[in-house]
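Numbering (our numbering), first residue to last: 1281 to 1394.
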């Protein structure tokens, strides 16, 4: 078996173009939420866990730089997002201008570093 190549982080802006890249990194599909802001779309994706069962749900609000992350034991509203780091086959990191970050890993694990 060939060893998995180490993935390098890719830093991207948090905007509408980032939505599909975030979903792809987490093994999910993004779609429009059933609600929206007056002048901007809102997106949602379900992160699959064990046996492809839903493990977490993300609501992405790129126009107001916000992510809502819902897991089985917590709900996080993370605002003022400045950048996103994608680490293929591992996780997505939403970063504020400070060292604070929201990490969503493959399988739906949610971590906040504040």
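Where is the CB? At the ideal position from N, CA and C, for every residue including glycine.
Remember, predicted model here, so these are calculated numbers, not experimental data.
Residue closest to residue i, alpha-carbon to alpha-carbon, out of the options
| i | options | result |
| --- | --- | --- |
| residue 1385 | 1292, 1298, 1311 and 1304 | 1304 |
| residue 1340 | 1296, 1366, 1287 and 1306 | 1296 |
| residue 1293 | 1366, 1350 and 1387 | 1366 |
| residue 1378 | 1358, 1301, 1388 and 1290 | 1358 |
| residue 1372 | 1394, 1349 and 1354 | 1349 |
| residue 1318 | 1329, 1326, 1344 and 1355 | 1344 |
| residue 1363 | 1380, 1323 and 1326 | 1380 |
| residue 1307 | 1354, 1330 and 1355 | 1330 |
Assigned secondary structure, residue i (DSSP; H/G/I helix, E/B strand, else coil)
| i | result |
| --- | --- |
| residue 1320 | strand |
| residue 1291 | strand |
| residue 1344 | helix |
| residue 1380 | coil |
| residue 1298 | helix |
| residue 1356 | strand |
| residue 1330 | helix |
| residue 1303 | helix |
| residue 1373 | strand |
Rounded straight-line distance, which links the Cα of residue j to that of residue i
| i | j | result |
| --- | --- | --- |
| residue 1376 | residue 1352 | 24 Å |
| residue 1337 | residue 1288 | 25 Å |
| residue 1392 | residue 1332 | 24 Å |
| residue 1302 | residue 1361 | 14 Å |
| residue 1315 | residue 1326 | 16 Å |
| residue 1324 | residue 1313 | 5 Å |
| residue 1322 | residue 1390 | 20 Å |
| residue 1354 | residue 1300 | 24 Å |
Counted within 10 angstroms of its Cβ, other Cβ atoms place residue i as buried (16 or more) or exposed
| i | result |
| --- | --- |
| residue 1310 | buried |
| residue 1298 | buried |
| residue 1334 | exposed |
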